[in-house]
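To start, the structure itself, in structure tokens.
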Amino acid sequence: MQVTLDFAHLVDLFTLFIGVLFGLLMIFGYPNRQSFCLGMFLLASVLKIVSILLAATGQFDKNPNLLFLPISFFYFTAPMLFIYAHRVTGYKNRLKFWRHLIPGMLEFLLFSVLFFLPSATKTQIFLSDYFMVYYVLSIVYRIFYSGLIIQYVDQYNQLVPEYYSDAASHSLAWLKRFSICYIILYLFALHLVLKSDTFAFPFKNLTFSIFFFLIHFAIVVRGISQAVPQVDEEGQLPSLGETTAELNERAAQPDMGSEVVLRESDFMVLKAHMDEHKPYISPDLTLSNLARQVGFQQRYLSQLIKKYTGHHFNRYVNGYRIELVQQMLLDPNYNNLSILGIAQEAGFHSKSSFYTTFQEIVGTSPSEYKETLVG
């Protein structure tokens, strides 16, 4: 029996291969829960392509008993990505996570039951308006969760500079962009399904198949390189482990129970530590790390920095780094290093972060600044 696939389905087949390969790699090859969640998302998202390919090759028509294979996780994918977003930011409440997976688990049980029904009954259900409504609702469900992810990422990204000196590596701006693309993708799918009145139609569209591949390939690349929350000596995550809503609420309210005096002498202790030990040359410096080094609570340290510099932690640390870069550019001992090499020596981990910060603080680009030194 010869099976032919059009180009759109060949793209789908390649997407399935990439998704399964990297999904399994993330689940079994990385020792953290964030990668596990992202791997589960990838697997759940691409496995539905199996059913699409079976339909495209006429296997459902020839073997109706294959209908309702319990591998189409319509109500599982977006909640799993939502959980990933919380995991990668250090949120620790596991019980709340499972609530989001209940619809997906029920869906798996439903498909498992339907799979063992007689072929005639399965075909009737598959072609019914009830299943079409079920599928349309699943698209709306995924769009809804994508919106929740965007909201959460916006809240989180506002707090990143308060805790990390390398904010770019911990930012989830890429996940927000992915979620926006995900919404566009499934709005397009919703349009195609309602227009064609056919469950499998979106994956018959080449534009949809290519878009589906590109956004899943992008999340593989970005997900693997995403920095994970750092733990302290006791194995605890930093304060970003709280919900962003709790952090926003707490940050907006003054301490009513106790009046915290932000002493200038403590700030001088901090300044002396920065000048003498230069902790900022470590690209992985966090508020939690620095607080332990100087013996302050991290919330107190954050408030101390804000009061005496007017900046958040990230801007305060990068100020020292930029100052060191300027000194190194003047030092002939570093003439063998490029500007980017000097930036890395000063503690910058990201090229884009360095150039943006330098422009913000100095008012000119690093190259233009170096030219003025030569002149």
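All residue numbers for the sequence shown refer to this note's numbering, where the first residue is 4 and numbers rise by one. A virtual CB, placed ideally from N, CA and C, is assigned to each residue, including glycine.
For Ser48, the enclosing alpha helix (DSSP H) begins and ends at 36-59. Within the segment 286-318, the complete alpha helix (DSSP H) segments at least 4 residues long are 290-297, 301-312, listed from N- to C-terminus. Judged by pairs of C-beta atoms under 8 Å, the segment 120-128 touches the segment 68-79, as three or more such pairs exist. Going by DSSP, Arg266 is part of no alpha helix (DSSP H) at all; its letter is neither H nor E.
A direct Cα-Cα distance of roughly 54 Å separates Asp278 from Val143.
Per DSSP, Glu363 is one residue of the alpha helix (DSSP H) stretching across 354-365. In this structure, Leu188 lies away from Ile152, with their beta-carbon atoms at least 8 Å apart. Leu27 and Phe181 have their C-alpha atoms spaced approximately 21 Å apart. Ranked by how close their Cα comes to the Cα of Arg102, the residues Ile86, Ser54, Gly93, Arg90 have Ile86 in first place. Taking a C-beta distance under 8 Å as the contact criterion, Val328 and Ile308 do not qualify as a contact pair. Exposure of Ala176 is indicated by the presence of fewer than 16 other C-beta atoms within 10 angstroms of its C-beta. A check of alpha carbon separations from Leu193 across Tyr138, Phe215, Ser149, Ser38 identifies Tyr138 as the nearest.
Taking all protein chains shown into account, Asp287 has fewer than 16 neighbouring C-beta atoms within 10 Å of its C-beta and is therefore exposed. Three or more beta-carbon pairs separated by less than 8 Å link the segment 288-304 to the segment 162-171, which places the two stretches in contact.
Residue pairing from DSSP leaves Tyr78 without any beta-bridge partner. The beta carbon of Phe114 sits closer than 6 Å to those of Phe71, Pro73, all from its chain and outside the five residues before and after it, given in chain order. For Tyr337, same chain residues with a beta-carbon under 7 Å away, outside a window of 5 residues either side, are Met331, Ile345 in chain order. Within the DSSP bridge table, the entry for Tyr167 names Thr289 as partners.
At the C-beta level, Tyr323 and Phe270 stay beyond 8 Å of one another.
The Cβ atoms of Ser228 and Ser353 do not sit closer than 8 Å to each other. Annotation: Glu267 to His280 spans about 20 Å, alpha carbon to alpha carbon.
The continuous alpha helix (DSSP H) containing Ser228 extends over residues 209-228. In the DSSP assignment, Tyr138 falls within the alpha helix (DSSP H) that extends over 132-162. In the structure shown, the three-state DSSP call for Ser115 is helix. One alpha carbon belongs to Ala58, the other to Lys51, and they sit about 11 Å apart. The C-beta distance from Ala81 to Ser149 rounds to 6 Å, short enough to meet the 8 Å contact threshold. Taken atom to atom, the span from the alpha-carbon of Asn339 to that of Glu374 is near 16 Å.
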